[in-house]
Every structure is written in structure tokens, then in C-alpha cells.
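> What follows is a structure written as C-alpha cells; I'll ask about it next.
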Amino acid sequence: MIYRDNLHDIAFDIIRNGRYHHKTTLQFATVRNAQSQTERDLLATEFGIRKKPSIFDKVTRDRYLQCPHDAFHCVGGLAREMLQATFQTFSTIGENAFLEIWHNFEFPPTWSRQQNPITHLGSYFFSDCLCLCMIMPFLIYRAISNTAMLNKAFVEHLIKVCEITKNHTVDQLIRL
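Going by the numbering used here, the first residue of the sequence shown is number 298, and it counts up by one from there.
Written out as C-alpha cells, the structure is:
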């Protein structure tokens, strides 16, 4: 670990004092195996680490090379996944109805012009995905009027899981 005093030290040994994955894994194990809470606190302070690794470390491959775990990127990634899953539930008729509503929807004047979300979702920034998530309930409510607009497998799954009739599928979907 480098301290503030050593930031401009040209002779600082990066290899010996670097925070490499294998070293911090051993340090976390040392902290975890400490006998008392006070000893754990002292070791964590000495190593400059938390008492337990972040829960996101199990998800990432390398805690030093990847971007930090922040709420914006987490929510943006979830929003994109949700939008992809939503568009997969549309049939061709549903996609056309959605796009018709999309083209006629009155967007806030401060928003940039949005591309077709069904065909260009891969080029959306996280901020675009989050904006689309804000208006998605309104678009879906206007676009889905009957079950012909939804993918047949999705309708059958919804009928099976929610134990409803086909006539009540759209009403149940809107309430979700």
C-alpha cells in the first residue's frame, strides 16, 4: 500500500508494495482468521483493507483492473437486460404496435433523440436505457391491447404461472 508521503517518491518499490490480487486474498484470510474483533480491526487497518471482501468480488474477475462497483452501472446494466427481455416478449405485431406508439410518444424536450430501441438497443448508453425504463410502462400500457401482440410462449407461460385465462392475460401483465 502506498501512503501519501510516498506518492512522489521515485524510488518506491511498486512490486513489493503493490496491491496484487493474491496478496489481498491472503490478507483477507489473515483478517478472517484473527482471534478477536479488536485484532481483526487492527489487521484490517494495518493492511488498508476492509474486514471482508466486497460481495461483488465474486462476480468480477479482477478487482484492480475492472471499473468500480457503482450504483449507476449496476442499475444501467439491469435496465438493459430488462429491456432486452421485454422486447423478446413481443410478437411481430407487438413490435410494430410498440414502434408506432414510440414514434408518436411525446418525449421531454431536454432528452436527445432516441433511436429505435428494438433494433438499436445495443448502441444505447446506460443513460439512454435508464430514460427508456422511465417511460417504458407508459409505452407498454398504450401498445399492448391484446395477446396477439405478445410472443405465444410468453403468453402461455404467463397463463400457467399466474393461473389466469387468456382473456385476462393483458390485464394481469399491466398490473405486474
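Virtual Cβ for every residue (Gly too), placed ideally from N, Cα, C.
Since F344 sits in a beta bridge, which residues does DSSP pair it with?
Note: F344 sits in no beta bridge, so no partner.
> Please report the residue range of the alpha helix (DSSP H) in which E392 lies.
Its alpha helix (DSSP H) spans residues 389-401.
> Determine the direct distance from the alpha carbon of I456 to that of I441, and round the result to whole angstroms.
In a straight line, the C-alpha of I441 is about 16 Å away from that of I456.
> Could you spell out the range, first to last residue, of the alpha helix (DSSP H) harbouring I311?
Note, I311: alpha helix (DSSP H), 311-314.
> One question on the structure: do M379 and C430 come within less than 9 Å of each other, judged by their Cβ atoms?
Yes, the pair counts as a contact, with Cβ atoms nearer than the cut-off.
> Tell me whether L304 sits in a helix, a strand or coil according to DSSP, three-state version.
L304 falls in the coil class under three-state DSSP.
> Return yes when the Cβ of F387 is within less than 9 Å of the Cβ of F395, no when it is not.
Cβ atoms of F395 and F387: closer than 9 Å.
> Can the beta-carbon of F344 be found less than 9 Å from the beta-carbon of V328?
Yes.
> Taking the alpha-carbon positions, what's the N401 to T322 distance?
Distance between the alpha carbons of N401 and T322: 54 Å.
> Have a look at the DSSP bridge pairing and note the partners of L447.
The partner list for L447 (beta bridge, DSSP) reads F387.
> Look up Q412 in the DSSP assignment and say whether it is helix, strand or coil.
Three-state DSSP puts Q412 in coil, outside helix and strand.
> Kindly indicate the opening and closing residues of the alpha helix (DSSP H) around K320.
First-last of the alpha helix (DSSP H) with K320: 318-329.
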